[in-house]
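Quick notes on the structure that follows.
In the working numbering, the protein residues as written are 1086 to 1565.
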């Protein structure tokens, strides 16, 4: 049976300021009311498959788990990478886990893995599923299958796959993989009809992938095996051996497996299945403009936007009214803590802004002002040298860790709902329009025992207000 593996790593820096290190584009609701991760799960409905296995970064675990839960999807576990090592090791970890799970469940001695990215847009679900079904016989025959996107333009932002001889009704041998070309070469590829965009989606038996990885990158396979020997289950999460994984080389599946296989066997073991399904990897703001609905002036407006004599723009407002007058071909994006203004022809350079933020030690590249936690979220409303104000939302039935702080005191004001507050040895109910003071060094905890979200204002005062000034004594989410 098919075993989908959804890769949910990456930072999506070209979509800053919406996409941040701790809340990257796969978790954003970019093109619908569902996040890109949820859309990836949803487009598998209708295919006979095992619940997908997710691979994501340790820091994104609660966001991923919550979005899967909210979407009502089943999964086979969430493998946590302590740090990114690119796609080849991530797929190896998933293949090893799929083999282990299938052996325990006695579902399939050698599951067929379908590798998908969590941050791709696919508009035609039927065409996507037809391509998946077309690829299955080749994967069952020990072939490595890659999906080639039928190009719609001469695109310089994607790698290409050149097809060889036809193999069956719906596939071709892979003749070669090609790096991102310049515009003239891309035009030649597009006109020839013999080239596809490299989608980053694959299908193969778990054992076949590991076999090829072992031939061409034996050290990577050895490290991945050692990392999976020391796995620990934590709620829905599969924690690998971090110390072992530190030794893993970083490489993509294209460089580590696909291209070496193509060279070694003359593409005999590689098959490309064409896919014409309205695919887009949403790799930039201009790509998002391309796939979005536009008004009569070719503008895409999200949020509170007014435009006069403005054309071909992408304008996104999260909180404030944005008014444009006489502008053309621009991207304007406003979030609670940042504003981006970029020419549409230069949006690939947004990642340079992210690099500058990192170099300056600023936090805007990493985290939003509004931060999601497994128990709810908080919004940092105001900062001072010795004070900070947050709006906190605790979901019904959720509880924060039992903790204390060495450098700050906290004053909590309940706006709506009811708070159950652990305050030293006491447990106190605090309701709407009431408040409670937590002195520095006091062991405390916060819980929402009610049926509606708990909304609070937290005022912190002290000599140090960093998030790392937390000593946890007990935590429902394994963060001790």
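Idealized CB from N, CA, C, for every residue including glycine.
7 Å CB neighbourhood of residue 1040 in its chain, flanking five on each side removed: The first residue shown for the chain is 1086 and the last is 1565, placing residue 1040 beyond what the model contains.
Same chain, Cβ closer than 6 Å to residue 1111, neighbours up to 5 away in sequence not counted: Looking up residue 1111 in the chain shown gives position 26. Answer for residue 1111: 1093, 1121, 1122, 1203 and 1204, listed in chain order.
Residues near residue 1223 in its chain [Cβ-Cβ closer than 7 Å; skip 5 each side]: As a first step, residue 1223 must be located in the chain shown, where it is residue number 138. Here the set comprises 1230, 1256 and 1356.
Rounded distance between the beta-carbons of residue 1347 and residue 1579, thought under 8 Å: Residue 1579 lies beyond the range of the chain shown here (1086 to 1565); nothing can be said about it.
Reduced DSSP category for residue 1086 - H, G, I as helix; E, B as strand; rest coil: Mapped onto the chain shown, residue 1086 falls at position 1. Looking at residue 1086 - three-state DSSP - the assignment turns out to be coil, as it is neither helix nor strand.
Own chain residues within Cβ distance below 6 Å of residue 1297, not counting five before or after: Numbered from 1 along the chain shown, position 212 holds the residue referred to as residue 1297. Hits under 6 Å: 1342 and 1346.
CB contact flag (residue 1537, residue 1502, <8 Å): Taking the chain shown and counting its residues from 1, the one referred to as residue 1537 is at position 452. Taking the chain shown and counting its residues from 1, the one referred to as residue 1502 is at position 417. Result yes, Cβ atoms of residue 1537 and residue 1502 sit closer than 8 Å.
At least 3 beta-carbon pairs within less than 8 Å: the stretch 1100–1108 vs the stretch 1129–1138: no
Simplified DSSP state of residue 1370, which is helix, strand or coil: As a working note, residue 1370 is residue 285 in the chain shown. It is helical.
Rounded C-alpha distance that separates residue 1454 from residue 1290: Stepping through the chain shown from its first residue, residue 1454 is reached at position 369. Stepping through the chain shown from its first residue, residue 1290 is reached at position 205. Their Cα atoms are separated by approximately 43 Å.
Through-space distance from residue 1427 to residue 1107, alpha-carbon basis: As a working note, residue 1107 is residue 22 in the chain shown. As a working note, residue 1427 is residue 342 in the chain shown. For residue 1107 and residue 1427, the distance between alpha carbons rounds to 23 Å.
Beta-bridge pairing of residue 1105 - partner residues as DSSP gives them: Numbered from its first residue, the chain shown carries residue 1105 at position 20. Partner(s): 1108.
Opposing strand residues paired with residue 1581 [DSSP bridges]: In the structure as shown, the chain begins at 1086 and stops at 1565. Residue 1581 is therefore absent and cannot be evaluated.
Three or more C-beta pairs below 8 Å linking the stretch 1485–1501 and the stretch 1546–1553: yes
N- and C-terminal bounds of the beta strand (DSSP E) containing residue 1228: If you number the chain shown from 1, residue 1228 lands on position 143. Looking at the DSSP string, residue 1228 is not in any beta strand (DSSP E), and its letter there is neither H nor E.
Stretch pair the stretch 1262–1276 + the stretch 1174–1181: three plus CB contacts closer than 8 Å: no
Contact the stretch 1160–1172 vs the stretch 1320–1333: 3+ CB pairs below 8 Å: yes
Local Cβ density within 10 Å of residue 1339, reported as buried at 16 or more and exposed below that: Numbered from its first residue, the chain shown carries residue 1339 at position 254. Burial call: buried.
Among 1562, 1500, 1200 and 1543, the one whose alpha carbon lies nearest that of residue 1220: Start at 1 with the first residue of the chain shown, and residue 1220 comes out as number 135. The option with the nearest alpha carbon to residue 1220 is 1200.
Alpha carbon of residue 1252 to alpha carbon of residue 1359, nearest angstrom: Here residue 1252 corresponds to residue number 167 of the chain shown, with the count starting at 1. Here residue 1359 corresponds to residue number 274 of the chain shown, with the count starting at 1. In a straight line, the C-alpha of residue 1252 is about 12 Å away from that of residue 1359.
Chain-order list of residues whose beta-carbon lies under 6 Å from that of residue 1479 (same chain, five-residue window excluded): The residue you call residue 1479 lines up with position 394 of the chain shown. 1460, 1461, 1533 and 1539, listed in sequence order.
Chain-order list of residues whose beta-carbon lies under 6 Å from that of residue 1087 (same chain, five-residue window excluded): Counting from 1 along the chain shown, the entry for residue 1087 is found at position 2. Hits under 6 Å: 1134, 1197 and 1199.
Residue of 1482, 1481 and 1466 minimising C-alpha distance to residue 1475: By one-based count along the chain shown, residue 1475 stands at place 390. Of 1482, 1481 and 1466, the residue nearest in Cα terms is 1466.
Alpha-carbon to alpha-carbon, residue 1242 and residue 1485: For the purposes of this step, residue 1485 is taken as residue 400 along the chain shown, with counting starting at 1. For the purposes of this step, residue 1242 is taken as residue 157 along the chain shown, with counting starting at 1. Taking the straight line joining both Cα atoms gives about 44 Å.
The stretch 1366–1374 / the stretch 1431–1450 touching (three or more Cβ pairs under 8 Å): yes
Exposure of residue 1277, with buried meaning 16 or more beta-carbon neighbours within 10 Å: Counted from its first residue, the chain shown places residue 1277 at position 192. Residue 1277 is exposed by the Cβ-count criterion.
Contained alpha helix (DSSP H) runs [length at least 4] in the stretch 1125–1157, N- to C-terminal order: 1146–1156
Same chain, Cβ closer than 6 Å to residue 1443, five either side skipped, listed in chain order: Translated into the one-based positions of the chain shown, residue 1443 becomes position 358. Closer than 6 Å at the Cβ level, and outside the excluded window around residue 1443, lie 1450.
For residue 1212, three-class secondary structure by DSSP: Taking the first residue of the chain shown as 1, we reach residue 1212 at position 127. Reduced to three states, the DSSP call for residue 1212 is helix.
Sequence-distant residues of its chain with Cβ nearer than 8 Å to residue 1173 (five each side left out): For the purposes of this step, residue 1173 is taken as residue 88 along the chain shown, with counting starting at 1. Cβ within range, chain order: 1298, 1302, 1305, 1336, 1337, 1338, 1340, 1341 and 1342.
Extent of the continuous alpha helix (DSSP H) run through residue 1169: The sequence position of residue 1169 within the chain shown is 84, counting from 1. Looking at the DSSP string, residue 1169 is not in any alpha helix (DSSP H), and its letter there is neither H nor E.
Separation of residue 1527 from residue 1363, as counted between CA atoms: Numbered from its first residue, the chain shown carries residue 1363 at position 278. Numbered from its first residue, the chain shown carries residue 1527 at position 442. The straight-line gap from Cα to Cα measures roughly 56 Å.
Residue 1568 to residue 1312 span [Cα, whole Å]: Here the chain comprises residues numbered 1086 to 1565, so residue 1568 is not present and cannot be evaluated.
Residue interval of the beta strand (DSSP E) (run including residue 1402): One-based indexing of the chain shown puts residue 1402 at position 317. That run of the beta strand (DSSP E) goes 1399–1402.
Cα-Cα separation between residue 1529 and residue 1154, rounded to whole angstroms: The residue you call residue 1529 lines up with position 444 of the chain shown. The residue you call residue 1154 lines up with position 69 of the chain shown. Their Cα atoms are separated by approximately 29 Å.
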